[in-house]
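Residue numbers (the working numbering): 1 to 68.
Dropping the structure here:
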């Protein structure tokens, strides 16, 4: 789930309210960060109770093998 930069208060944002109620039930919610403006360094996710994940590029190679 990605959240953009909107001028809506958290009390009026239906997605923010739903994710807050979900987190209260001990459910982990990862989200992708939205880019604000033209700078790739300016990121935004206006919902503080979710974990925001940022990816720089998908062209990196894994240097370690994953073991399961």
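Positions of the beta carbon are idealized from the N, C-alpha and C atoms, including for glycine.
{"Query": "Just to check my reading of the structure: residue 52 and residue 19 have Cβ atoms closer than 8 Å, yes? What is that Cβ distance to the nearest angstrom?", "Result": "Rounded, the Cβ-Cβ distance is 12 Å, inconsistent with contact."}
{"Query": "Taking residue 54 and residue 29 to be in contact with their CB atoms under 8 Å, please state how far apart those CB atoms are, rounded to whole angstroms.", "Result": "With 8 Å as the limit, residue 54 and residue 29 do not qualify as a contact, their Cβ atoms being about 16 Å apart."}
{"Query": "What residue range is occupied by the uninterrupted beta strand (DSSP E) comprising residue 53?", "Result": "51-53"}
{"Query": "Can you check DSSP and say which residues form a bridge with residue 31?", "Result": "52"}
{"Query": "What are the boundary residues of the alpha helix (DSSP H) that residue 8 is part of?", "Result": "Counting along the chain, residue 8 falls outside any alpha helix (DSSP H), and DSSP gives it neither H nor E."}
{"Query": "Taking DSSP as the reference, what is the three-state secondary structure of residue 15?", "Result": "helix"}
{"Query": "Under 6 Å from any heavy atom of the ligand MG, does the C-beta of residue 48 make it?", "Result": "For the structure depicted, the ligand MG is absent and the ligand set is empty, with no information on it obtainable."}
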